[in-house]
Amino acid sequence: MTPTAHRTELAQDCDRDARGGGWVTVCCVDTLHILVFGDDEHAVYHFAPTKVGRHIQDFLTLGTDEAGRPIIWRGTITADAASVHDFLFNDLDCVESGCNAHGLRKFRDDQDKAPLLASRAMAYIGRVYDIEAEARSKEMKGADLLAWREARAGPLVAEFRTWIDDHKTDLLPSNPVRKAMQYYVNHWDALTRFLEDPDVPLDNNWSESALRMIALLRKNSLFAGGMEGVRRLCTSLTRVRTCRLLGVDAYDYLAWALSKVVPHPDNRGLSATDLTPAAFAANRAAE
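Residue numbers (this note's numbering): 751 to 1037.
Have a look at this one:
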């Protein structure tokens, strides 16, 4: 069983001409990128000046070994099939987990181009989601969840692949529904990774949900105020989103954390891990 994480990104406008603490917000506005990584209890927003893979690698670099070589995080990453992610799975040896929600949308958005075939495909995918929802309602995890998926979703997924292979050539290569079928063929191993690991989700909706609050705030935070402003925005988003995932109030957490950084005998010896939202949640649970 491997560590798992979600990955996605959202563009954010930022003025790159920030100088001396002031910002020129009327020129040199470029589209930058905010990436989000995380799992069920953590969210980390990361600033990337450009949409290139090395910024993801920078985030996944844990340090260096004695020879000065980078130590890269290894695990399963759930992401969409964007080409920028390819190096993660080809060069960094991370395990790719695909997003079935993206696959479902490809059929749904162009359903009118081949209604019968698109509807059948969506029915297959929908049944897989129903099986997963039932497992979640039973609070299944670990080996129990994996056995449930294998027994119920496994045969259905195999039937879906046979159906795709049988009907893909019924449509012209230019037909969007055929392209949706080809998406599944091209990324089949990644899209069915959840049948191998119970910690792997069916889709990347977690990270897209994590970026939703940026989308909702876009008019209010259209200009982040320069490179450093975006980095600080990411730090704030990381705190707030992680607090939400842990079910703690972000304001209460910040008040608690700030009280721990002031010079006081009770605060001596505290490390950064002692000041995280998880530490605050554990502290509250122990009270």
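We put the beta carbon where it would ideally sit given N, CA and C, even for glycine.
Computed from a predicted model, the values in this text were never measured in an experiment.
Spatial neighbours of residue i in its chain, beta-carbon cut-off 7 Å, leaving aside the 5 residues before and after
{"i": "Lys1010", "result": "Asn1017, Leu1020, Leu1025"}
{"i": "Thr988", "result": "Ala793, Val794, Tyr795"}
{"i": "Tyr934", "result": "Gly853, Ile914, Leu941"}
{"i": "Asn1050", "result": "Residue 1050 lies beyond the residue range present for the chain, which begins at 751 and ends at 1037; the question has no answer from this structure."}
Pair within 8 Å by beta-carbon distance, residue i and residue j
{"i": "Lys863", "j": "Val786", "result": "no"}
{"i": "Ala851", "j": "Asp953", "result": "yes"}
{"i": "Leu995", "j": "Asp859", "result": "no"}
{"i": "Gly848", "j": "Arg943", "result": "yes"}
{"i": "Ile784", "j": "Cys993", "result": "no"}
{"i": "His937", "j": "Leu867", "result": "no"}
Beta-carbon contacts of residue i that lie in its chain and below 6 Å, excluding the five residues immediately before and after
{"i": "Leu694", "result": "The structure shown has nothing for residue 694, since the chain only spans 751 to 1037."}
{"i": "Val907", "result": "Thr942"}
{"i": "Arg991", "result": "Ala793, Ala960"}
{"i": "Phe839", "result": "Glu846"}
{"i": "Ile881", "result": "Arg902, Ala903"}
{"i": "Cys777", "result": "Residue placement at Cys777 is poorly supported in this model, since its pLDDT is 22, which falls under 50; the coordinates are not used for a value here."}
{"i": "Phe857", "result": "Ala868, Ala871, Met872, Ala930"}
{"i": "Trp1006", "result": "Phe1030"}
DSSP three-state assignment for residue i, whether helix, strand or coil
{"i": "Arg757", "result": "Residue placement at Arg757 is poorly supported in this model, since its pLDDT is 48, which falls under 50; the coordinates still yield a value, given next. Note: Arg757 maps to strand in three-state DSSP."}
{"i": "Ala793", "result": "strand"}
{"i": "Gly771", "result": "Residue confidence is low: Gly771 scores 28 on pLDDT, short of 50, so the model does not pin down where it sits. Its coordinate-derived value is still stated next. If DSSP states are grouped into helix, strand and coil, Gly771 belongs with coil."}
{"i": "Ala717", "result": "One cannot answer for residue 717 here, as it falls past the ends of the chain, which runs 751 to 1037."}
{"i": "Gly892", "result": "helix"}
{"i": "Thr919", "result": "helix"}
{"i": "Val779", "result": "With a pLDDT of only 31 at Val779, under 50, the local geometry of the prediction cannot be trusted, and no value is derived from it."}
Whole-number beta carbon distance between residue j and residue i, since they are thought to touch under 8 Å
{"i": "Val950", "j": "Thr811", "result": "Between Thr811 and Val950 the Cβ distance is about 23 Å, and since that is not below 8 Å, they are no contact."}
{"i": "Phe1030", "j": "Tyr1001", "result": "12 Å between Cβ atoms; not a contact."}
Beta-carbon contacts of residue i that lie in its chain and below 8 Å, excluding the five residues immediately before and after
{"i": "Arg899", "result": "Ile881, Glu882, Ala885, Phe944, Leu945, Pro948"}
{"i": "Asn1033", "result": "Trp1006"}
Practice problem: Examine the Cβ distances between the stretch 956-969 and the stretch 868-877 and report whether three or more of them are shorter than 8 Å. | Solution: no
Quiz prompt | contact_flag[the stretch 811-826, the stretch 836-847] where n(CB pairs < 8 Å) is 3 or more | solution = yes
Self-check item: At least three beta-carbon pairs within less than 8 Å, the stretch 1023-1037 to the stretch 825-840
Solution: no
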